[in-house]
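Engineer: Protein chains in written order, with the numbering used here: chain B, 1 to 115; chain P, 1001 to 1114. Ideal placement from N, C-alpha and C gives every residue a C-beta, glycine not left out.
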Amino acid sequence: KAGVTQTPRYLIKTRGQQVTLSCSPISGHRSVSWYQQTPGQGLQFLFEYFSETQRNKGNFPGRFSGRQFSNSRSEMNVSTLELGDSALYLCASSLVPLGSKNIQYFGAGTRLSVL
Amino acid sequence: GDSVTQMEGPVTLSEEAFLTINCTYTATGYPSLFWYVQYPGEGLQLLLKATKADDKGSNKGFEATYRKETTSFHLEKGSVQVSDSAVYFCALRTFSGGYNKLIFGAGTRLAVHP
C-alpha cells in the first residue's frame, strides 16, 4: 500500500511569488492535514480537509490556503511568499478527521526555500 | 494557550543505555497525547499514543504513561540501539475554539553511538 506522497520534494521561489504544493493521501484515507516545520517554530498545524471541506485550522494568515479534491488529493497554496515561509511542509493523511480515533500518517514533506 | 514542552537536545547515548525524553503539556480539558519519530529525510511516524489519564502507550520497546497529575508524558526505552537515532516529537490533540488541533513540541534529537 503506497504511503503519503508529496510533490515536489524541493522547491525554490522568490519573495512575492505564490506556490502550490500537492499531497496524495494513502488510498482510502479521506482526511488530509498540513503542517509547517521550521527550526524556530517547530511543527505547526495549518489546516485539515475531510471530504473536500476544511474541518480544522491552525493560526496561520489567509495567505495560506488549501483545497481537497473528490479523490482526496489535497493542494496547499501560499500566496505572496515571504522569507519566513521557508520551511518543510508536511502532509498527513488519516481515515477519519482529527478526533478521538484519528491516527495520522505523514509524507516525507516538501522543502520550500524562499529567496 | 495549549502547549507542549520537551527537553532540549541533542541527547547523546551509548548503545544499550536507558533513554528518557521529558515531555510536559499545558491544555484545557482532556487531550490525547502522542509521541512521533522522524528519521533523517523522512516524515513523522506515530510511535505511541495515550488517550486518557494513566494510559500507557508502548511500541518497539518505547513506553510513555499519561500522567494527569504532573501533566507529563515522558518517553522511555530500556536499551537504545543505533537505529533509534532520530528526532522525537511529543504532541497533544486538543479541541478548542471549535476546532481539533495537533500541537507539537520542539522535538528532541537523539543520537545513539555504538
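#1: Taking DSSP as the reference, what is the three-state secondary structure of residue 78 of chain B?
#2: How many angstroms separate the CA atom of residue 1060 of chain P from the CA atom of residue 112 of chain B?
#3: Using a C-beta to C-beta distance shorter than 9 Å, which residues of chain P count as neighbours of residue 21 of chain B?
#4: Please list the partners that residue 1042 of chain P has in chain B, where partner means a Cβ-to-Cβ separation under 7 Å.
#5: Contact defined as beta carbons within less than 8 Å: I believe residue 28 of chain B pairs with residue 95 of chain B. What is the distance between those atoms, to the nearest angstrom?
#6: Compare the C-alpha of residue 24 of chain B against each of B:13, B:3 and B:102 and name the closest.
#7: Give the list of continuous beta strand (DSSP E) stretches no shorter than 3 residues that lie fully inside the stretch 3–89 of chain B.
#8: Among B:74, B:63 and B:72, whose alpha-carbon lies nearest the alpha-carbon of residue 81 of chain B?
#9: Run through the stretch 1033–1069 of chain P for me and flag every whole beta strand (DSSP E) of 3 or more residues, listed as ranges in chain order.
#10: How would you list, in chain order, the residues of chain P whose beta-carbon sits under 7 Å from the beta-carbon of residue 43 of chain B?
#11: Would residue 69 of chain B be called buried (16 or more neighbouring beta carbons within 10 Å of its own) or exposed?
#12: Between the stretch 52–79 of chain B and chain P, which residues of the former have CB atoms less than 7 Å from a CB of the latter, in chain order?
#13: Closer than 8 Å is the cut-off here; do at least three beta carbon pairs connect the stretch 84–95 of chain B with the stretch 1001–1017 of chain P?
#14: Does the pairing of the stretch 1036–1049 of chain P with the stretch 1013–1025 of chain P give three or more beta-carbon distances under 8 Å?
#15: Could you pull the DSSP bridge partners for residue 1006 of chain P from this structure?
#16: Per DSSP, what kind of secondary structure is residue 1083 of chain P in: helix, strand or coil?
#17: Applying the criterion that 16 or more other CB atoms from any shown protein chain within 10 Å of the CB defines a buried residue, is residue 41 of chain B buried or exposed?
Structural biologist: Let's see:
#1: strand
#2: 33 Å
#3: Residues of chain P passing the Cβ test: none, with the nearest at roughly 14 Å.
#4: 108
#5: 7 Å
#6: B:3
#7: 5–7, 10–13, 19–24, 31–38, 42–50, 53–57, 64–68 and 74–78
#8: B:63
#9: 1044–1050, 1056–1059 and 1062–1065
#10: 1089 and 1104
#11: exposed
#12: 56, 57 and 58
#13: no
#14: no
#15: P:1023
#16: helix
#17: exposed
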